[in-house]
Structure formats: structure tokens, C-alpha cells
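Residues in the sequence shown are numbered consecutively from 215, following this note's numbering.
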Amino acid sequence: MTRRTRESETQPAASWKEEVWRPAAAASPERASPFRTPSGLELAPLYGDAPDGGLPGCYPYTRGIHPTMYRGRFWTMRQYAGFGSAADTNQRFRVLLASGQTGLSTAFDLPTQIGYDSDHPLAEPEIGKVGVSINSLADMERLFAEIPLGEVSTSMTINATAPILLAMYVALGAKQGVPSAQLRGTVQNDILKEYAARGNYRFPVAASLRLTTDLMAFCAERVPQWNTISISGYHIREAGSTAVQELGFTLANARTYVKAAIAAGLAVDSFAPRLSFFFNAHNHLFEEVAKFRAARRMWARMMKEEFGAKDERSWTLRFHTQTAGSTLTSQQPDNNVVRVTIQALAAILGGTQSLHTNSRDEALSLPSEASARLALRTQQVLANESGVADVVDPLGGSPLIESLTDELERQALALMAEVERRGGAVSAIEAGFVQREIHLSALAAQRAIESGASAVVGVNQYRLNEPDPELFKPSDRARDEVLATLARVRAERDGARVEGRLRALEEAARGRDNLLPPILSAVESYATIGELCGCLERVFGRYKPPEGF
Numbered sequence: 215m216t217r218r219t220r221e222s223e224t225q226p227a228a229s230w231k232e233e234v235w236r237p238a239a240a241a242s243p244e245r246a247s248p249f250r251t252p253s254g255l256e257l258a259p260l261y262g263d264a265p266d267g268g269l270p271g272c273y274p275y276t277r278g279i280h281p282t283m284y285r286g287r288f289w290t291m292r293q294y295a296g297f298g299s300a301a302d303t304n305q306r307f308r309v310l311l312a313s314g315q316t317g318l319s320t321a322f323d324l325p326t327q328i329g330y331d332s333d334h335p336l337a338e339p340e341i342g343k344v345g346v347s348i349n350s351l352a353d354m355e356r357l358f359a360e361i362p363l364g365e366v367s368t369s370m371t372i373n374a375t376a377p378i379l380l381a382m383y384v385a386l387g388a389k390q391g392v393p394s395a396q397l398r399g400t401v402q403n404d405i406l407k408e409y410a411a412r413g414n415y416r417f418p419v420a421a422s423l424r425l426t427t428d429l430m431a432f433c434a435e436r437v438p439q440w441n442t443i444s445i446s447g448y449h450i451r452e453a454g455s456t457a458v459q460e461l462g463f464t465l466a467n468a469r470t471y472v473k474a475a476i477a478a479g480l481a482v483d484s485f486a487p488r489l490s491f492f493f494n495a496h497n498h499l500f501e502e503v504a505k506f507r508a509a510r511r512m513w514a515r516m517m518k519e520e521f522g523a524k525d526e527r528s529w530t531l532r533f534h535t536q537t538a539g540s541t542l543t544s545q546q547p548d549n550n551v552v553r554v555t556i557q558a559l560a561a562i563l564g565g566t567q568s569l570h571t572n573s574r575d576e577a578l579s580l581p582s583e584a585s586a587r588l589a590l591r592t593q594q595v596l597a598n599e600s601g602v603a604d605v606v607d608p609l610g611g612s613p614l615i616e617s618l619t620d621e622l623e624r625q626a627l628a629l630m631a632e633v634e635r636r637g638g639a640v641s642a643i644e645a646g647f648v649q650r651e652i653h654l655s656a657l658a659a660q661r662a663i664e665s666g667a668s669a670v671v672g673v674n675q676y677r678l679n680e681p682d683p684e685l686f687k688p689s690d691r692a693r694d695e696v697l698a699t700l701a702r703v704r705a706e707r708d709g710a711r712v713e714g715r716l717r718a719l720e721e722a723a724r725g726r727d728n729l730l731p732p733i734l735s736a737v738e739s740y741a742t743i744g745e746l747c748g749c750l751e752r753v754f755g756r757y758k759p760p761e762g763f
């Protein structure tokens, strides 16, 4: 069995670049021997039999998408970060990379997510508050200053404006001399869950699906290593859904994206291998492990049997996991470290490909540098000290886990069938069905907490009177820095060139051509995100949610 490479086993480096990109040291002879417990008991790669007969790395992938899983290599430790100005977030990126993080994950502020420039009246109060503010390519240049894009994998949690942020990343890669074919990463690009659970939308559904599939087609041709969509159950769960609803609604959305891409003329095996998923990890350890196993099996069968995919990579559900922000409490925030550890353990036992662990103080503020480092250390301790990564699918074969896996799949498939009966995910969202089901589950969960039927330590049990903790706040200068950069870009760029490229984008939007090339052209001229979205809105209009939502 191949011994995994442990990125954290290297000696301290002279600089953060050397630490992150230096090849890992070869395992010593004694570590190259079979996996053993501290007592010397040898561990086999795999235990137990799955009822479906599947082995790790084999269809339907219930037990994992790779034969060796973490015995070959650990999951990617991809901590989510973003606040204030691009320069502020660049500094946090460097701290995380120097601490052993193995991938970047970018949070954007609300104006960037919806497509407003920072000097828009609606945007100014939100500059840099819940993520980094990006107005133009100039901000992207600062965000990744001295970070070679050809040597990192970057995830961007962005949806309504995903084509614009991807275009900025491609343009920045070109300025660094990195061909687009060498860029690696993910854009979330999952607009359906915004309508259903999160609310950061801009354009009507049909126009948004066009932008989604245009991005998929563009990357299939020009950015082949890019994950073009991260179909997200995370935000559905954060909005209050159950694990069954997270599975059912997420895979119903995934079915819609696959159908839309095929309808746009893409062959299923040309794009499906680059689809990925984003799930939540909650507190109930066994249900969460079973959920991840069920998701792999459901996706594999849907892609092979329903859509006729022939490439085995199209059958494999690759997913990122983030621990559950909605379970974190402002009371006794140190308890959150325990919650996050349990949730991270569920993700690892369930076979995640990458993981973000939330920080202890995120119920109160943006995480401090110290708490962000502790969250990363939580993953590193689990990886290096606990032994949970030494066996493939360690809970597989357990009667409890197998029964939960089967029942979660059964109920999620029934929910997906109900969505189809209502005309598919788009119709179910536009009618308010998905939102209503999530809201009812959220209401039931909140009532259980308030009544004491559901225990939350430090909130409705074991309460204490405690002083207010110290909070991290972005620097007040960040807002001024963002606005100054935006003003400078507008003053220094070629205004006529920008206007010409925006007109070309608007003309393309009125037709049927792929919108990524004209977006990329406009981005390269330093058109701003607000200008680009304003241009598209003149053609597409703005989404209006159904009554009551």
C-alpha cells in the first residue's frame, strides 16, 4: 500500500513559500512499514463488507472514491478566509499557508457576491465585512500578490458573479505567465441554492443557468483542471434543513445542472468529471458519516444509469466539507472547538476530499489569526495523531452505519422524486416548495432548542455568566483602501476601451454566444464587477422571489 505524503512532516522552512511548495521529505524506513497502532498492532487497509458489494475506488463508491483514500494522501486542508481589503486577505493567506494549509479558499464580501462596486450606496456599509472586497482585476492582483497561481489550488465561494471572478483569476494567471490550462481550483457557481436557501442572487433563474453552463463550457475548453461548479448542500443545511433534505435538494439541483449543460450542447463526459460538491458536517457523528457515503452512491448511480456517463470520473462524487457554522454558539465559545472536532471527524470518516474547520469565535466575529490557526491545527492533529486516516472507510460494515446510509438514501431519493413531480428543481424553487420545506425544518429545530428537547451545551444546558470575549475586527482603514483603489482604477484605465468591451458583452448577452470570452475581455481592461453586472442586468433583468420569500 502506498504510503501517503505528509505535507506537515517537513522541517520548518525559511519562508512561507519554501514551506508550502518544497517537496515533502521521503518517509523514513520505519514509517514505510505497514500501518500499525501505537501498540504495534498491524492495520489492514480495509475492514468489513458493504452490502452493495462495492470496494473503495469502485462503483458505486460508497466506501470512497480512491482505493487507498488517506493512506495514499491526506485530504486537502483548505481553510476559508477573506475580509477587509485584498491586501488584508493576502496577509491572512500567507499566515495560513505558512501554518501548513494545503489549499486556498476565498470568502468575498456581500457586494462582490451580488455584483455591486464598493462605492455603490447599498455596498458601502458592507465593504469587507464578511469577506474580501473585489471590484476589479487590480484587487485580484493584490489578493494573490506573490502567490504563484500555477502552484496553488484556489477555491472561490462565489455564485451570481462566478463568471466574473473566474475571468479575473484567468486574467491574473496570464499576467503571471501561467496558462489557463495550468490553473487549478473551484468556483462554487451554484446559483440554485442561492434562490432556495441563501439569497445572494442577481439575475433571473434562466439567465443565471446560462451563465453557469457558459462557465462550464469555457473551462472544458480553456481551463480543463478547474472544477466548474461546487454543488452546495452546505448552505441548504445552514438555512435549517435536515440531513435528508441536504442530500435530496442538493442532488436535485445537481440533476438540473447536468440537464442544462447537456441541453447547451455539452457531452456529459466532457464536463461531469469536473463537477464537485460542498457539504455540511453537523454534530451527529454517525448520521453525517452515513450521509456522505449515501451521497457518493446516489450520484454514481444517477450519472451512470440516468445520464449514461461512460467515464468513471463522471460517476465519482468529489466533495469539500465545512463544519457547521449554524451549530456554533456565542455562549462559551471554547465549546465550539469540541463541536468542530466532532464535525471534522465525521467528514474524515465519511471520506471528504477537502475540509474547512470553523474557528471558535465565528459566532461572534470574523476569526482572529490565533483561532484560525487553532482550527487548522484541529485538522492536523486528526490527520497526524488520531489514526483515523490509517484505514479506508473505517466505519463501513457497521450495522448502524450501513442501515443509516440505506435509510438516508431512501428518504433523499423520495424527496428528489417529489421535486421532479413538481417540475424539477427550478419549478420547485420558483413555487417556493424548497424554501418552505427548509423553513419548516429550521422552525422545528429552533423550537426543540427553545423547549430544551434538543440540548445545546452552554445555551440551554450548563449555562454560565461569563465576560464578553475579545473580538477580531477588520481594520477601519480597509474601507478607505478599497475605495481608493477603485477610484484609482477608474482614473487610470482606458475608459473608451472599457466602454467598448462592455458594449460587446451586452451584445453577446442579447444573443446566444458564450459570455465568458467577452467577460474576460472586459475584465482585462479593468472593467469593474458593478459595471459588468449592470450591463448584464440591462439585458437579463433582476430576480424577484415568490411571495413570502
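All residues carry an ideal CB built from backbone N, CA and C; glycine is no exception.
Computed from a predicted model, the values in this text were never measured in an experiment.
Can you find the residues in the same chain that come closer than 6 Å, C-beta to C-beta, to residue i, ignoring five residues on each side of it along the sequence?
i      : result
Met370 : Thr320, Leu379, Val401
Leu257 : Phe249, Asp604, Val605
Asn441 : Thr400, Arg488, Ser490
Ala722 : Leu729, Pro732
Leu685 : Leu578, Ser579
Tyr294 : Ser319, Ala321, His570
Ser455 : Ile652, Ser655
According to the neighbour-count rule (16 or more other Cβ atoms, all chains shown, within 10 Å of its Cβ), is residue i buried or exposed?
i      : result
Gly709 : exposed
Asn467 : buried
Ile663 : exposed
Ser689 : exposed
Arg424 : buried
Pro339 : exposed
Gln536 : buried
Leu716 : buried
Asn598 : exposed
Gly391 : exposed
Gln327 : buried
Pro325 : buried
Thr571 : buried
Asp682 : exposed
Glu501 : buried
Thr251 : exposed
Glu680 : exposed
Ala589 : buried
Less than 9 Å between the C-beta atoms of residue i and residue j, yes or no?
i      : j      : result
Ser573 : Met291 : no
Phe463 : Glu651 : yes
Glu564 : Ala504 : Per the sequence shown, the amino acid found at residue 564 is Gly instead of Glu. For Gly564 and Ala504, yes; Cβs fall inside 9 Å.
Ala475 : Val482 : yes
Pro547 : Ala584 : no
Arg416 : Thr375 : yes
Arg692 : Ser347 : Note that residue 692 corresponds to Ala in the displayed sequence, not to Arg. A contact, by the Cβ cut-off of 9 Å.
Asn403 : Leu363 : no
Thr742 : Asn349 : yes
Ala656 : Ala453 : yes
Thr316 : Phe358 : no
Arg308 : Ile361 : yes
Tyr273 : Glu526 : yes
Leu406 : Val640 : yes
Arg636 : Gln545 : no
If you drop the 5 nearest sequence neighbours on each side, which residues of the same chain put their C-beta closer than 7 Å to that of residue i?
i      : result
Gln675 : Ala669
Gly296 : Thr303, Thr320, Ala321, Phe322, Gly345, Val346
Phe432 : Asn728, Leu730
Arg587 : Ser313
Starting from residue i, follow its DSSP beta bridges and name the residues at the other end.
i      : result
Arg693 : Paired residue(s): none; Arg693 is not in a bridge.
His570 : Gln536
Ile764 : This structure leaves residue 764 out entirely; the chain is present only between 215 and 763.
Phe322 : Val346
Thr371 : Ala321
Gly399 : Thr368, Trp440
Tyr294 : Ser319
Since residue i and residue j are thought to touch, with beta carbons under 8 Å apart, how far apart are those beta carbons, to the nearest angstrom?
i      : j      : result
Ala410 : Val648 : 4 Å
Leu580 : Ala508 : About 34 Å separates the two Cβ atoms, so there is no contact after all.
Val737 : Ala381 : 4 Å
Glu626 : Met512 : Residue identity differs from the one stated: residue 626 is Ala in this sequence, not Glu. With 8 Å as the limit, Ala626 and Met512 qualify as a contact, their Cβ atoms being about 7 Å apart.
Ile331 : Gly744 : Note that residue 331 is Asp in the sequence shown here, rather than Ile. Confirmed, Cβ separation roughly 3 Å.
Val366 : Ala395 : Contact doesn't hold; Cβ gap of about 16 Å is too wide.
Gln594 : Ala558 : With a Cβ gap of about 11 Å, Gln594 and Ala558 do not count as contacting.
Can you give me the Cβ contacts of residue i inside the same chain, cut-off strictly under 8 Å, excluding the 5 residues immediately before and after it?
i      : result
Pro237 : Here the model assigns Pro237 a pLDDT of 29, short of 50, so the residue's position is not dependable, and the following value carries that caveat. Excluding sequence neighbours, Pro237 sits near nothing in its chain.
Arg704 : Thr742
Leu269 : Leu260, Arg277, Pro281
Arg726 : none
Tyr757 : Tyr409, Tyr415, Arg416, Phe417, Pro418, Val419, Ser422
Using a beta-carbon distance below 9 Å, is residue i in contact with chain B?
i      : result
Asp483 : Among the chains of the structure shown, chain B does not appear; only one protein chain is present.
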